[in-house]
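J.: Numbering (the working numbering), first residue to last: 1 to 223.
Glycine is no exception: its CB is placed at the ideal position from the N, C-alpha and C atoms.
Let me give you the structure first, and then I'll get to my questions.
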Ligand code: B16
Ligand code: MG
């Protein structure tokens, strides 16, 4: 692991790190699965974290084992229906929905002179940041529509570091999803997981809760 002193920037995932919208993603997909008469599986919750809307739909459709050849138009309609469900749920978001400790961390990072970027797979990220009142903290944001490969590929974290003018090895990535941790590791950045160590087995550093995400705790976790 590189030294903490070599770190110049932080690359943040959004859903499940900055705010608990991963719950809303799950609810919106669950609603769609019910509409399609596809049985909901508890394992979907973790599997769908961090992966794109299209990849998420493929996981749900493939779970039936029927391998029906849905037309592109059908798939677009399904993904749109899920997003409509999700956008309705997002109306509940306010600055009170910021995960505990996250705004304090962003303030701390800014004051200490770290670069801050957003590496979210979500095309709804601008709406979410706006509703939370956090847009101004992020000096760079990756547009997920421009990526060839989603998480677990390293591209989103490589791009985010580049937008900040940094090498991935000079950055810490913060993620709640297994796919995201793999992407950070593959990019060569330091991976900080938020969630259970049993789930985020590949995270180099892991905190159960966002409250623990302080600069001091992160520094102390380096070895
Ligand atoms: P959207 P993150 C990801 O955001 C979510 O974890 C994942 O569940 C979702 O499918 C993906 O964004 C795409 O979201 O449908 O809003 O474009 O965790 O990378 O911030
Ligand atoms: Mg996430």
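1. One question on the structure: do residue 171 and residue 50 come within less than 8 Å of each other, judged by their Cβ atoms?
2. Taking the alpha carbon of residue 167 as the reference point, which residue from 175, 156, 176 has its own alpha carbon closest?
3. When the Cα atoms are used, what is the spatial distance from residue 218 to residue 150?
4. Check this for me: beta carbons of residue 80 and residue 38, under 8 Å apart or not?
5. At the level of alpha carbons, what is the spacing between residue 7 and residue 169?
6. Kindly indicate which three-state DSSP category residue 15 falls into: helix, strand or coil?
7. Given the structure, does residue 81 come close to ligand 2, in the sense that its CB is under 7 Å from one of the ligand's heavy atoms?
8. Below 7 Å, is the gap between the Cβ of residue 174 and the nearest heavy atom of ligand 2?
9. Compute the Euclidean distance between the alpha carbons of residue 173 and residue 192, then round it to the nearest angstrom.
10. So which residues touch the region around ligand 3, with touch meaning a C-beta under 6 Å from any heavy atom?
11. Taking buried to mean at least 16 other C-beta atoms within 10 Å of its own C-beta, is residue 146 buried or exposed?
T.: On the basis of the supplied data:
1. The Cβ atoms of residue 171 and residue 50 lie no closer than 8 Å to each other.
2. 156
3. 26 Å
4. no
5. 8 Å
6. strand
7. Ligand 2 never approaches residue 81 closely enough for any of its heavy atoms to be under 7 Å from the residue's Cβ.
8. no
9. 6 Å
10. Ligand 3 is not part of the structure shown, which contains ligand 1 and ligand 2 as its ligands.
11. exposed
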